[in-house]
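For reference, the structure is listed below as structure tokens.
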Amino acid sequence: MNHRTHTARRGLTVVELMIALAITVVIGAALAAVMTTISSVTAFDRDARTASLRAHAVQIRLQAYSESGLCVLQSNVDGEFVVWLEDADSSGSVNPTEARVFRTNRAGELICEWYTPPAELTPEELADADTPVPAATDFFTLMDAYRAAGQTSQTVLADGLSDLTLAFDTATPPEADRFRYMFRQSFQSGTISDNLIALAFPNHTTPEF
Numbered sequence: 010m011n012h013r014t015h016t017a018r019r020g021l022t023v024v025e026l027m028i029a030l031a032i033t034v035v036i037g038a039a040l041a042a043v044m045t046t047i048s049s050v051t052a053f054d055r056d057a058r059t060a061s062l063r064a065h066a067v068q069i070r071l072q073a074y075s076e077s078g079l080c081v082l083q084s085n086v087d088g089e090f091v092v093w094l095e096d097a098d099s100s101g102s103v104n105p106t107e108a109r110v111f112r113t114n115r116a117g118e119l120i121c122e123w124y125t126p127p128a129e130l131t132p133e134e135l136a137d138a139d140t141p142v143p144a145a146t147d148f149f150t151l152m153d154a155y156r157a158a159g160q161t162s163q164t165v166l167a168d169g170l171s172d173l174t175l176a177f178d179t180a181t182p183p184e185a186d187r188f189r190y191m192f193r194q195s196f197q198s199g200t201i202s203d204n205l206i207a208l209a210f211p212n213h214t215t216p217e218f
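Residue numbers (our numbering): 10 to 218.
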């Protein structure tokens, strides 16, 4: 006669269930913390790369103006400035069409703007409209007037900029053959990047007003 031995199976107790649940919660919290850290690091790295690329783009685009330009004619506390791009008529004076105004709008876009005379002007009228400006000229006000008359063109050089500042090592901007341009970039992740780029005028020339 065969006798079967039965081993009693014991179910989980309430204490064991609570321990298992606690372990699961701890593991889940740890995984969530790891994923959050990875996400934060990834966002920071992404923003850092974006900031570096933007700063490099700003430098390259402004360099194109400074390396072919002659000097900074004027600047203000908002980090806006005016470059004398060329002496097209070799007069030694600044004509309106030779100036480039750099500003940042409310959207944080860095914009270059310049005077564009009406196409219908005769050569004589164009010469009268593009005569050298006086020494006391406020180029920002002058460009505002041209814009109001629909006589400017502009291009966006960069976006996402704020807190712009210029620094010169000379008494006045026109005397400087180089300057420092500082700006801040902010990202949705909360990352803030402060940038400084140095620009120079190889063909530095001051105007003869």
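Yeah, the Cβ is synthetic: ideal placement off N, Cα and C, and Gly gets one too.
- prompt: What did DSSP end up calling D54 once you bin it into helix, strand or coil?
  reply: Position 45 of the sequence shown, counted from the start, is the residue given in the question as residue 54. D54 falls in the helix class under three-state DSSP.
query: If we ignore side chains and look at the alpha-carbon of each, how far apart do I69 and T33 end up?
result: For the purposes of this step, residue 69 is identified with residue 60 of the sequence shown, where counting begins at 1. For the purposes of this step, residue 33 is identified with residue 24 of the sequence shown, where counting begins at 1. Cα-Cα distance, rounded: 54 Å.
- prompt: For Q72, which option in R189, S198, N85 has the closest C-alpha, if you only look at C-alpha atoms?
  reply: Against the sequence shown, residue 72 aligns to sequence position 63. Nearest of R189, S198, N85 to Q72, Cα basis: R189.
- prompt: Using the beta-carbon count (16 or more within 10 Å), is Q197 buried or exposed?
  reply: As a first step, residue 197 is located in the sequence shown; it is residue number 188 there, counting from the start. Flag for Q197 reads exposed.
Distance between beta carbons of Q194 and R63, contact taken as under 8 Å: As a first step, residue 63 must be located in the sequence shown, where it is residue number 54. As a first step, residue 194 must be located in the sequence shown, where it is residue number 185. Here R63 really is in contact with Q194; their C-beta atoms are around 6 Å apart, less than 8 Å.
message: Just to confirm my understanding: we take A66, look at its own chain, exclude 5 residues before and 5 after, and list those with CB closer than 7 Å. What are they?
response: On the sequence shown, residue 66 is found 57 positions in, with the first residue counted as 1. So the list reads A167, once near-sequence residues are dropped.
CB-CB length for W93 against V103, believed under 8 Å: Stepping through the sequence shown from its first residue, residue 93 is reached at position 84. Stepping through the sequence shown from its first residue, residue 103 is reached at position 94. So it is a contact: roughly 6 Å between Cβ atoms.
- prompt: Among D96, S99, R109, V23, which one has its Cα closest to the Cα of Q83?
  reply: As a working note, residue 83 is residue 74 in the sequence shown. Of the listed residues, the one whose Cα sits closest to Q83 is R109.
task: Could you pull out every residue in the same chain whose Cβ sits closer than 6 Å to the Cβ of G101, ignoring the five residues on either side in sequence?
output: Along the sequence shown, one-based indexing puts residue 101 at 92. Here the set comprises E217.
message: Here's the rule: buried if 16 or more other CB atoms are within 10 angstroms of the residue's CB, otherwise exposed. What is S75?
response: Counting from 1 along the sequence shown, the entry for residue 75 is found at position 66. Classification of S75: buried, given that the 10 Å Cβ count is 16 or more.
- request: Please specify which runs of the beta strand (DSSP E), each continuous and at least 3 residues long, are wholly inside the region 60-90, giving them in chain order.
  value: 80-84
message: Is the separation between the beta-carbon of L79 and that of D98 shorter than 8 Å?
response: Taking the first residue of the sequence shown as position 1, residue 79 is located at position 70. Taking the first residue of the sequence shown as position 1, residue 98 is located at position 89. In this structure, L79 lies away from D98, with their beta-carbon atoms at least 8 Å apart.
field: Segment limits, alpha helix (DSSP H) that includes A150
entry: Taking the sequence shown and counting its residues from 1, the one referred to as residue 150 is at position 141. For the record, residue 150 in the displayed sequence is Thr; it is not Ala. That run of the alpha helix (DSSP H) goes 148-157.
query: Taking Cβ to Cβ, would you say V81 is nearer than 8 Å to P211?
result: In the sequence shown, the residue the question calls residue 81 occupies position 72. In the sequence shown, the residue the question calls residue 211 occupies position 202. Not a contact, by the Cβ cut-off of 8 Å.
query: Q163 to R112, Cα distance in whole Å?
result: By one-based count along the sequence shown, residue 163 stands at place 154. By one-based count along the sequence shown, residue 112 stands at place 103. If I take the Cα positions, the gap works out to 10 Å.
task: Just confirm the distance between the C-beta atoms of D172 and F192, as a whole number of angstroms; I'd bet it's less than 8 Å.
output: Numbered from its first residue, the sequence shown carries residue 172 at position 163. Numbered from its first residue, the sequence shown carries residue 192 at position 183. Contact flag correct, Cβ pair sits at about 6 Å.
message: Please tell me whether G117 and L175 are closer than 8 Å, where the distance is taken between their beta carbons.
response: Here residue 117 is taken as the residue at index 108 of the sequence shown, counted from 1. Here residue 175 is taken as the residue at index 166 of the sequence shown, counted from 1. Cβ distance not < 8 Å, so G117 and L175 don't count as in contact.
Three-way DSSP call (helix, strand, coil) for D172 in this model: Numbered from its first residue, the sequence shown carries residue 172 at position 163. In the structure shown, D172 sits in a strand (DSSP, three-state: E or B).
Residue from G88, A38, D137 whose Cα sits closest to the Cα of P126: Mapped onto the sequence shown, residue 126 falls at position 117. Of G88, A38, D137, the residue nearest in Cα terms is D137.
query: Thinking C-alpha only, which one of V142, Y124, S202 is nearest D153?
result: As a working note, residue 153 is residue 144 in the sequence shown. Comparing Cα-Cα distances from D153 to each of V142, Y124, S202, the minimum goes to Y124.
- request: To the nearest angstrom, report how far apart E89 and L40 are at their CA atoms.
  value: Looking up residue 89 in the sequence shown gives position 80. Looking up residue 40 in the sequence shown gives position 31. One C-alpha to the other measures close to 49 Å.
message: Restricting to Cα atoms, I'd like to know which of M27, E133, D203 is closest to A60.
response: Counting from one through the sequence shown, the residue named residue 60 turns up at place 51. Looking at the Cα atoms, D203 is the closest of the given residues.
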